[in-house]
Structure formats: C-alpha cells, structure tokens
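J.: Taken in order, these protein sequences are the chains called Z and A. The numbering of the first sequence is my numbering, which starts it at 0 and goes up by one. The numbering of the second sequence is my numbering, which starts it at 0 and goes up by one. Glycine included, each C-beta is placed from N, C-alpha and C at the ideal position. Keep in mind it's a predicted model, so treat the numbers as computed, not measured. Handing you this structure, nothing more for now.
Protein chains: 2
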Amino acid sequence: MAAEKTKILLDESEQPTQWYNLLADLPTPPPPVLHPGTLQPIGPDDLAPLFPMELIGQEVSTERYLDIPGAVLDVYRLWRPSPLFRAHRLERALDTPARIYYKYEGVSPAGSHKPNTAVPQAYYNKKAGIRRLTTETGAGQWGTALAFACAQFGLDCEIWQVRASYDQKPYRKIMIETFGGVIHPSPSNLTEAGRKILAEHPDSTGSLGIAISEAVEVAAQHADTNYALGSVLNHVLLHQTVIGEEALLQLAKVGETPDVIVGCTGGGSNFGGLAFPFLREKLAGRMVPVIRAVEPAACPSLTRGVYAYDFGDTAGMTPLMKMHTLGHDFIPDPIHAGGLRYHGMSPLISHLVESKMIEATAKPQRECFAAGVQFARTEGIVPAPEPTHAIAAAVEEALRCKESGEAKVILTALCGHGHLDLAAYDAYLSGSITDHSLADEDIAAAIAALPPVPA
Amino acid sequence: MAAEKTKILLDESEQPTQWYNLLADLPTPPPPVLHPGTLQPIGPDDLAPLFPMELIGQEVSTERYLDIPGAVLDVYRLWRPSPLFRAHRLERALDTPARIYYKYEGVSPAGSHKPNTAVPQAYYNKKAGIRRLTTETGAGQWGTALAFACAQFGLDCEIWQVRASYDQKPYRKIMIETFGGVIHPSPSNLTEAGRKILAEHPDSTGSLGIAISEAVEVAAQHADTNYALGSVLNHVLLHQTVIGEEALLQLAKVGETPDVIVGCTGGGSNFGGLAFPFLREKLAGRMVPVIRAVEPAACPSLTRGVYAYDFGDTAGMTPLMKMHTLGHDFIPDPIHAGGLRYHGMSPLISHLVESKMIEATAKPQRECFAAGVQFARTEGIVPAPEPTHAIAAAVEEALRCKESGEAKVILTALCGHGHLDLAAYDAYLSGSITDHSLADEDIAAAIAALPPVPA
C-alpha cells in the first residue's frame with residue numbers, strides 16, 4: 000500500500016516550475032511597508048540600492064504564480080524535489096495512531112531549506128550585473144546557502160555571522176569558506192553599525208538585527224554590491240513555496256490530506272514555504288488543516304510580541320514593517336536554535352496570525368531537544384535545533400491523538416540536519432541546557448522602544 | 000532525455016532484496032584465512048566467540064545471492080535506494096566530454112555507506128540473543144553507523160575510539176551519543192589491554208590496533224556481547240553490494256554503461272560494494288568497464304605493499320589473512336582520510352588486484368582536497384576526505400577524456416559527506432596540509448615484520 004512507504008519521492012519531471020504567491024489569494028492584503036523617514040509606503044526605488052528590480056517586483060507582485068527561471072530549476076535539481084518521509088519508526092515509538100509525515104530539506108547543499116531562495120536571489124542579482132552579495136547569518140544555514148548559490152553564478156559572497164553562533168559553531172564558517180564565501184563575526188569593526196555596538200558592548204554576542212545592519216551598510220555603500228535576506232520578506236517566502244508544492248504532490252501520491260501542519264518559525268520562510276500552498280487549498284475549500292507556527296519560548300515574537308510597525312534590523316536602517324515584534328533592539332538569549340533568534344517575524348506570517356488564519360505556539364528548549372533525540376534514534380536523522388521545535392509540536396499532537404484515538408495526518412518540515420549543531424546536542428545530553436523564560440516586564444520594556452508610527 | 004537528468008532515483012519498490020556474493024563467480028577462490036597458532040584454515044567455531052553464526056555463514060558462503068531480511072530492508076528504506084547523480088556541473092567546470100555519475104551514500108543516518116552493514120550486523124546479533132555490540136572506531140564513521148543500527152534493534156553499543164580522534168573530532172562522539180551509543184577514548188582503563196598500555200604510556204593517544212584489542216577483549220569475555228567489524232571481511236563487503244546493485248539499475252534507467260569505475264579503498268567495503276555487481280556483469284561478458292581502486296599515497300597497501308599473510312590488527316590477535324599489506328605494525332601518517340588509514344586490505348579486493356581483475360592507484364592528499372573543493376563548489380556536496388580520492392581519480396579520467404575527445408562514462412561512489420570533517424577542509428584551505436611520501440626503505444622495513452607464514 001502506497002501510504003505505507005517510508006519515502007515518497009518525486010521525479011525531476013514532476014518538479015514544480017512556478018512559485019506560489021499567497022498575496023494573490025488573501026482576503027485582505029497585509030499593511031504596507033513604510034519608509035522610516037516619510038512614514039509613507041515605500042516604492043521600488045527605495046529598495047533599489049539593496050535589491051535587483053526583479054526581486055523587488057516579486058516582493059510586491061500579486062500574480063498567483065511566478066515562473067521559476069530555467070537556470071534556477073537546473074540548480075534546484077541538485078537536491079529537489081526533496082523527499083517526503085512517513086515517520087513510521089517515530090510513530091511506533093510514540094505508540095500513536097497518528098500518521099506523521101516530514102518534508103526533509105536537509106538534503107540540500109547547505110543542509111537546510113535556505114538554498115531554495117539563495118539560488119534565485121543569486122541568479123537575479125547576477126542577471127542585474129551585480130558582482131557581490133552581502134548578508135547576515137545566525138546559526139549559519141543562510142550564509143552557507145548564499146555562499147553555495149554565489150558559487151553557482153560566479154558572485155562574491157560576504158557574510159556577517161552573529162558572534163554567538165560564530166563561536167559555538169566553527170564548522171559553519173569552514174563550510175562557507177569551502178563554498179568560497181568570506182565570513183566575519185558580528186558585531187565587527189568593519190562597519191559603522193558594528194563599531195557602534197562594540198563601543199557600547201565590547202562583549203556583545205551579536206544578534207541577527209545587528210548583523211543585518213552590517214551587511215546592509217556595506218551593500219548600500221557599493222554600487223556593485225547588493226544585499227540578500229534569508230527570510231522575512233515576501234519574495235523569500237515566495238521562493239520557499241516549492242517545499243509546500245512538492246509536499247502537496249507527494250501526499251496526493253499516497254492519498255493523504257493533512258489534518259495538522261506544524262512548522263518552526265524564526266523569520267518565517269521555512270514555515271511559509273511549507274504552509275502557503277496548503278493555505279491556498281484551505282482557502283479554496285479543498286482541505287481544512289489546522290496550521291500552526293512553532294517558535295522558541297526564548298524569542299516569542301508571535302506569542303508574546305506586539306503587532307506593530309518596527310525596523311527589521313537593530314540599527315534602524317531598514318524600512319518599517321508591520322509585524323509581531325519584541326522590539327528591534329531585543330537581544331534574545333543565546334539559545335541553540337540560532338535561526339529562530341529574530342526579534343520580528345515575516346509581515347506576511349504576522350498578518351496570517353493576526354487574521355486568525357494560522358495559529359502560533361511557543362516551545363521551551365529542552366522539550367525540543369528531547370524530541371530531537373527521540374527523532375534521531377528512531378528516524379536516523381539528527382535534526383537541526385530549529386526544526387526540533389516543529390518535531391516537538393508534532394510529537395505533542397501525536398500524543399494527543401494517542402489519548403483521543405484519532406488517526407490524524409500530521410505534516411511538518413524537517414528544514415535541516417544538525418550535523419553542524421552537534422555541540423548543542425552535547426549540551427543537552429550532558430544536562431547543561433536550560434529553558435530561558437522571559438519576564439513580562441522585560442518584554443514590555445523591549446516593546447516600549449518601538450519607533451513612533453501610526454498603529 | 001533521461002540521460003540528461005541530475006538525479007536518477009529508484010522507488011522503494013525497486014530496492015534490491017538480495018546481496019550479491021562475488022565468491023560465487025570467481026574463477027579461483029581467495030586463499031583461506033588461517034588460525035595464527037595452527038596455521039590451518041579457520042572454521043566457524045574459531046569465530047563464534049565474536050560473531051553470530053549467520054554472519055559467519057555469510058563470511059564463507061559461496062551462494063550467489065543472499066536474501067536481505069525484511070527487518071533490514073525496513074531500516075534500509077530510511078535512506079535506500081540512495082540517489083545516483085549525474086555530475087553535470089563538475090563536467091562543465093572540467094570542460095570534458097565524459098559523463099560522470101556518482102552514487103551518493105551520504106544520505107544515510109551516519110552520513111556514509113557504513114550503515115549498509117551496521118544494520119544487518121545489529122539485526123543478526125539481536126536475532127542470536129546478543130544484548131550488546133562492541134567495536135572500535137577511528138574518525139568515527141563506523142562507530143556512528145553501529146550506534147544508529149543498535150538503536151534500531153534495541154542493542155547496547157559500546158565503542159572504543161582512538162583517543163587522538165576522540166579529542167580532535169568531538170562532533171563524532173556527540174553524534175554517537177545522540178544515537179544512544181556509549182563511547183570511550185582508547186586506551187581506556189576498562190580493559191586489560193587498555194590498562195597495560197596506560198601503565199606503560201599514560202599519555203598514549205591510542206591506535207586502531209589498541210582500540211580493536213579493547214573491543215574484542217570485552218566481547219570475548221561476555222557471553223551476551225559480540226564484536227562488529229566495519230570493513231575488510233567478506234560479509235561486510237557482501238552487505239555493501241546494495242550500492243552497486245542499485246547503481247546498475249539506475250544506469251540502466253538512463254541507458255548508460257560504465258567505461259570506468261573508480262572507488263576509494265581503505266579496508267575495501269565501499270569499493271567492493273560499488274564494484275562487485277559490475278564485476279559480475281563484466282565476468283558474464285555484459286560490459287567491459289575498467290575497475291580501479293584508489294588509495295591514499297600515504298597508506299599505499301595495494302600499490303606498494305606486499306601480497307602476503309598478515310594479521311588484521313596491530314597487536315596480532317586476529318586470524319591471518321592473505322592480503323596486500325604494509326605490515327601490521329605500520330603506522331600511517333595522520334592524513335585526514337582517517338577511513339583509509341589501514342595497513343592491510345580486504346582479502347577479497349587483494350585477490351582481485353592480484354588476479355588483475357581490477358586495477359589500483361594511489362593519490363596524494365592535496366590533489367584529493369583540491370578535487371573535493373571543486374566538487375563542493377560545482378555539485379554542492381562537501382565530500383568526506385575518503386571519497387575525495389575517488390573524485391580526484393574521476394577528475395583525472397575526465398581530463399584524459401578532454402584530451403582524447405572520448406565521451407567515456409565514469410562511475411564513482413561518493414561514500415560520505417564531509418560535514419563532520421570540515422576541520423580537514425580548514426587545514427587544506429589555509430594551506431597547512433602536506434603530501435606525505437613514503438620512502439621505499441620504510442615500506443620495506445614495515446613489511447619485514449610480517450609473521451612467518453607460508454607464501
């Protein structure tokens with residue numbers, strides 16, 4: 000029986016050739032992005048110093064489907080379509096009647112979903128005559144992805160990595176260099192933004208917000224250099240929809256329809272990539288899955304942040320986006336899921352939560368690692384710390400099914416492997432990991448620093 | 000056109016259900032394994048303290064095909080059939096008319112081909128009522144594979160890792176622990192062999208020979224404990240033939256027949272696993288590929304060793320095997336391809352080289368890493384140091400094709416990823432790696448220490 004398979008594969012001939020744009024199907028659009036000076040909606044020219052015009056066009060497009068260029072499809076084929084797994088062994092260990100499926104993005108060159116957008120971003124920048132891309136990276140997944148993508152199109156790649164991760168995860172740096180990228184710990188003294196932070200906090204462990212400020216500063220100063228963002232923006236989530244489109248095809252092959260979809264959220268790109276095609280189906284009345292974003296309790300933008308206009312970076316150089324935020328100078332505790340340490344959230348994901356089209360929940364670190372270890376011992380893949388949040392939520396749902404006797408179909412995205420995050424597992428196995436809890440007054444104080452913008 | 004695909008996949012329904020036993024098709028059998036005391040061929044009883052009878056049976060079987068148990072196939076399906084890739088981007092970078100295919104085993108839980116044999120070994124031991132497996136590991140690939148396999152069948156797994164690697168490569172230890180294995184640095188004070196070494200050399204950084212002694216000692220002393228070996232023996236190579244069987248099916252799907260097959264050799268299991276099914280086809284006259292083993296110039300057993308009876312371990316505790324050897328107390332330079340640092344070679348592979356049924360060549364370290372970096376930047380996968388030897392040989396062959404204009408079909412096995420070996424790439428990229436060359440007199444001296452056995 001097809002549903003009993005372990006891996007549901009797609010042939011390259013079945014590879015999706017279009018990205019899906021959720022903006023085309025939303026009942027109401029998300030609030031506009033504002034210029035920080037004029038507080039007016041930004042236009043293409045405001046973004047032109049950082050992004051090529053084709054990506055800017057994708058950022059604001061309301062076309063339902065956008066063609067994936069052939070050169071991008073060619074690179075995607077190095078690992079796409081990615082496999083969908085039925086977690087038979089995890090199900091058995093949980094003794095649940097639920098059927099758990101996971102879409103595995105760890106087969107990519109970087110080991111995560113990030114190359115899905117790195118490749119088109121490098122492609123469009125190369126096409127626009129750009130010579131170099133700059134970016135930030137947290138745990139290093141995004142930096143690795145962009146370094147790989149730049150190698151494919153002959154672009155230079157310069158990366159600022161959050162120092163906490165740079166120090167914790169030295170292998171990421173080497174992998175980025177193996178792909179030909181150049182990497183700096185952030186805050187660095189190579190930029191104005193970095194020097195300012197270091198003057199005030201010489202021991203700063205950094206944050207994605209600070210690293211973004213550094214990368215953006217360098218890109219803005221050089222005409223041959225653009226900036227690339229690995230999450231948050233509409234065009235990034237657009238590129239990631241190949242995940243959900245493939246998963247839809249794969250589930251259909253085994254005659255399954257998801258009842259619950261869970262994905263981890265940092266900036267929102269993995270979650271959006273998985274969920275948006277299913278949300279399209281839900282909006283069209285073809286299925287009724289519960290769709291749930293899972294974030295770390297230590298950085299709870301969706302569950303404890305405020306929905307307001309805020310900067311995307313710490314230095315306040317970016318446009319203002321309406322999103323769930325903990326305040327742009329909030330510095331999350333250095334939890335091991337570096338990719339989920341972002342003060343804000345994709346405006347599109349925030350809009351969906353605010354519109355109650357999707358749910359959000361938060362998980363403490365130890366519950367996530369416990370799920371990650373159980374997953375490794377049953378399914379054989381050591382997950383990155385980020386998707387252990389999704390796995391913990393899938394396990395919780397499967398155990399609920401065990402109580403209720405419901406044979407729900409649970410779908411999640413295993414967005415990356417943890418081969419370069421093993422120090423985190425060592426910390427967990429040796430009992431030295433703690434659950435970071437945030438006091439209400441600390442969150443209130445961080446949010447109080449929001450820029451004065453009309454609600 | 001099918002041949003233009005990047006990935007040639009097999010559905011689970013096409014998974015091979017039998018292992019291929021080359022012994023059934025050899026014109027002459029390899030010389031027998033001898034008891035070190037009597038110098039007579041060993042029998043099953045000699046191996047029974049360490050291995051279950053079903054594995055001993057496979058070691059000496061001359062049946063052409065052996066059924067893979069259903070429980071083993073179930074675990075294989077977590078990653079098998081593994082993908083076969085056409086290296087379009089590497090070919091383009093080399094500007095070669097050759098068509099290069101690589102069978103990728105890095106998709107397995109351990110990140111290499113090792114689980115192909117770890118899983119059946121754990122299965123047969125569990126079936127025989129064994130409670131615990133012991134083994135040694137150097138760089139850690141084999142230990143990881145066995146820890147994973149033991150987790151699948153509810154066996155305890157206890158591993159002695161050479162202390163130098165234990166200290167230098169902490170990620171492997173963590174991965175083993177994440178899979179539930181117990182790992183000790185070797186020499187340890189848990190065994191007689193370890194205590195003896197530590198008494199004489201308290202700061203000993205260990206060796207594979209010492210680690211084997213410790214693992215064998217514990218297995219021999221406990222009725223509920225057996226020992227598992229990751230390469231060299233016939234049953235290990237037998238289990239690995241799933242690699243070549245799948246590759247045969249995959250090449251047939253795109254209408255290709257290999258002209259040249261290259262694989263890296265340490266103990267011989269990856270190479271044998273890829274090559275034996277193709278050798279069967281060659282012996283039957285259905286194809287005529289050149290089949291070439293590639294070893295490191297720093298540990299050149301096949302190309303500069305002697306074909307003679309020798310011990311499998313440094314301490315001289317094992318039966319005597321006729322093989323290409325550099326002498327059982329030869330200590331290879333600490334090259335980064337830890338999996339290729341073995342003084343001997345699988346007796347079966349040695350017999351094939353001696354019979355001129357396959358060729359052998361050696362590659363220096365820097366040429367291999369240069370090929371590995373080029374591979375990573377074009378194909379997106381960072382190879383383990385071991386298969387960079389095969390990649391270097393494939394690149395050499397492809398460049399020969401560029402000279403001659405021949406459009407040869409080159410097949411190789413990318414037996415593992417290098418995610419946990421990135422320190423080696425760091426050393427290469429920073430220019431601190433050297434090519435180790437061996438003086439003829441050093442090799443002659445090592446070989447002079449061979450045990451006195453009839454030639």
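Pick helix, strand or coil for Arg85 (chain A), following the three-state DSSP scheme.
T.: The answer is strand: DSSP assigns Arg85 (chain A) an E or B state.
J.: Please go through the stretch 351-439 of chain A and give each complete alpha helix (DSSP H) segment of 4 or more residues, from N-terminal end onward.
T.: Those alpha helix (DSSP H) runs which fall completely within the stretch 351-439 of chain A and span 4+ residues are 364-378, 384-403 and 421-428.
J.: Ordered along the chain, which non-local residues of its own chain (more than five positions away) have a Cβ less than 7 Å from that of Pro28 (chain A)?
T.: Correct list, in chain order: Leu22.
J.: Would you check if there are 3 or more beta carbon pairs closer than 8 Å linking the stretch 423-435 of chain A to the stretch 112-128 of chain A?
T.: Segments in contact, no.
J.: Would you call Thr5 (chain Z) buried or exposed, if buried means 16 or more other Cβ atoms sit within 10 Å of its Cβ?
T.: Result: buried.
J.: Put Arg194 (chain Z) into one of helix, strand or coil per three-state DSSP.
T.: Three-state result, Arg194 (chain Z): helix.
J.: Report the residue from A:Asn225, A:Asp73 and A:Leu250 whose alpha carbon sits nearest the alpha carbon of Ser12 (chain A).
T.: Among A:Asn225, A:Asp73 and A:Leu250, the Cα nearest to that of Ser12 (chain A) is on A:Asp73.
J.: Hey, does Met0 (chain Z) have any beta-carbon neighbour from chain A nearer than 7 Å?
T.: At Met0 (chain Z), the pLDDT of 42 sits below 50, so the modelled position is not reliable and the matter cannot be decided from this model.
J.: Return the residue from the list A:Phe275, A:Ala251 and A:Leu65 that minimises the CA-CA distance to His350 (chain A).
T.: Of the candidates A:Phe275, A:Ala251 and A:Leu65, the one whose C-alpha sits nearest the C-alpha of His350 (chain A) is A:Phe275.
J.: Work out the CA separation of Pro80 (chain A) and Leu38 (chain A) for me, nearest whole Å.
T.: Taking the straight line joining both Cα atoms gives about 42 Å.
J.: With 16 as the cutoff for other CB atoms within 10 Å, does Ser354 (chain Z) come out buried or exposed?
T.: Answer is exposed; the Cβ neighbour count stays below 16.
J.: Using a C-beta to C-beta distance shorter than 7 Å, which residues of chain A count as neighbours of Val372 (chain Z)?
T.: Result: Thr177.
J.: Note the first and the last residue of the continuous beta strand (DSSP E) segment covering Thr317 (chain A).
T.: No beta strand (DSSP E) holds Thr317 (chain A); DSSP gives it neither H nor E.
J.: State the DSSP-derived secondary structure class of Ala2 (chain A), mapped to helix, strand or coil.
T.: With a pLDDT of 48 at Ala2 (chain A), under the threshold of 50, the predicted position of this residue should be treated as unreliable, though the coordinate-derived value follows. Correct three-state label for Ala2 (chain A): helix.
J.: Do we get a CB-CB distance below 7 Å when we pair Asp24 (chain Z) with the residues of chain A?
T.: With 7 Å as the cut-off, Asp24 (chain Z) does not count as an interface residue toward chain A.
J.: Whose C-beta lies closer than 6 Å to the C-beta of Asp434 (chain A) among residues of the same chain, with five residues either side of it excluded?
T.: Closer than 6 Å at Cβ, skipping near neighbours: Pro363, Gln364 and Arg365.
J.: Residues bridged to Cys156 (chain Z) by DSSP?
T.: Answer is Z:Leu132, bridged to Cys156 (chain Z).
J.: Kindly indicate if chain Z contains any beta-carbon less than 7 Å away from that of Thr5 (chain A).
T.: At least one chain Z Cβ lies under 7 Å of Thr5 (chain A).
J.: Would you say His418 (chain A) faces chain Z, with C-beta separation under 7 Å as the test?
T.: True, the Cβ-Cβ gap to chain Z drops below 7 Å.
J.: Taking its Cβ as the centre, do 16 or more other Cβ atoms sit within 10 Å of Leu282 (chain A), making it buried, or is it exposed?
T.: Looking at its Cβ environment, which holds fewer than 16 other Cβ atoms inside 10 Å, Leu282 (chain A) is exposed.
J.: Enumerated in chain order, which unbroken segments of the beta strand (DSSP E) with a length of 3 residues or greater are wholly contained in the stretch 254-336 of chain Z?
T.: Those beta strand (DSSP E) runs which fall completely within the stretch 254-336 of chain Z and span 3+ residues are 259-263, 289-295, 305-310 and 319-324.
J.: Expressed to the nearest angstrom, what Euclidean distance is found between the alpha-carbon atoms of Trp18 (chain A) and Thr61 (chain A)?
T.: Near 12 Å, if we compare the C-alpha coordinates of Thr61 (chain A) and Trp18 (chain A).
J.: So the alpha helix (DSSP H) His234 (chain Z) belongs to, where does it begin and stop?
T.: That run of the alpha helix (DSSP H) goes Asn233 to Lys252.
J.: Sort A:Thr95, A:His34, A:His87 and A:Asn20 by Cα distance to Leu65 (chain A) and report the nearest one.
T.: Comparing Cα positions, the closest option is A:Asn20.
J.: Candidates Z:Ala389, Z:Tyr424 and Z:Gly415: which alpha carbon is nearest Ile409 (chain Z)'s?
T.: If we check each option's Cα against that of Ile409 (chain Z), Z:Ala389 comes out closest.
J.: Assuming Asn124 (chain A) is part of the alpha helix (DSSP H), what are its boundary residues?
T.: Asn124 (chain A) -> alpha helix (DSSP H) spans Pro114 to Lys126.
J.: So does the stretch 375-388 of chain Z actually touch the stretch 407-424 of chain Z, counting three or more Cβ pairs closer than 8 Å?
T.: With a cut-off of 8 Å, the stretch 407-424 of chain Z and the stretch 375-388 of chain Z count as touching, because enough Cβ pairs lie within range.
J.: Going by other Cβ atoms of all chains shown within 10 Å of its Cβ, with 16 needed for buried, is Gly42 (chain A) buried or exposed?
T.: Answer is exposed; the Cβ neighbour count stays below 16.
J.: Going by DSSP in three states, Val452 (chain A) sits in which element: helix, strand or coil?
T.: Looking at Val452 (chain A) - three-state DSSP - the assignment turns out to be coil, as it is neither helix nor strand.
J.: Cα separation between Phe277 (chain Z) and Glu244 (chain Z)?
T.: Spanning the two alpha carbons is a distance of roughly 8 Å.
J.: Are the beta-carbon atoms belonging to Leu413 (chain Z) and Tyr103 (chain Z) less than 7 Å from one another?
T.: It is a contact, given that the beta carbons lie within the stated cut-off.
J.: Taking Phe310 (chain Z) as the query, report the chain A residues whose CB atoms sit under 7 Å from its CB, ordered along the chain.
T.: Ordered by position in chain A, no residue passes the 7 Å Cβ test against Phe310 (chain Z), which lies about 34 Å from the chain.
J.: Can you find a CB in chain Z that lies within less than 7 Å of the CB of Asp425 (chain A)?
T.: Answer yes: the Cβ-Cβ gap between Asp425 (chain A) and chain Z drops below 7 Å somewhere.
J.: Starting from Arg376 (chain Z), find everything on chain A with Cβ-Cβ shorter than 7 Å and list it in chain order.
T.: What Arg376 (chain Z) touches in chain A: Ala150, Phe178 and Gly179.
J.: As a quick exercise: from Z:Asp332, Z:Met322, Z:Asp439 and Z:Ala393, pick the residue whose alpha carbon is nearest that of Val32 (chain Z).
T.: It is Z:Met322.
J.: What's the C-alpha gap between Ser268 (chain Z) and Leu237 (chain Z)?
T.: About 8 Å.
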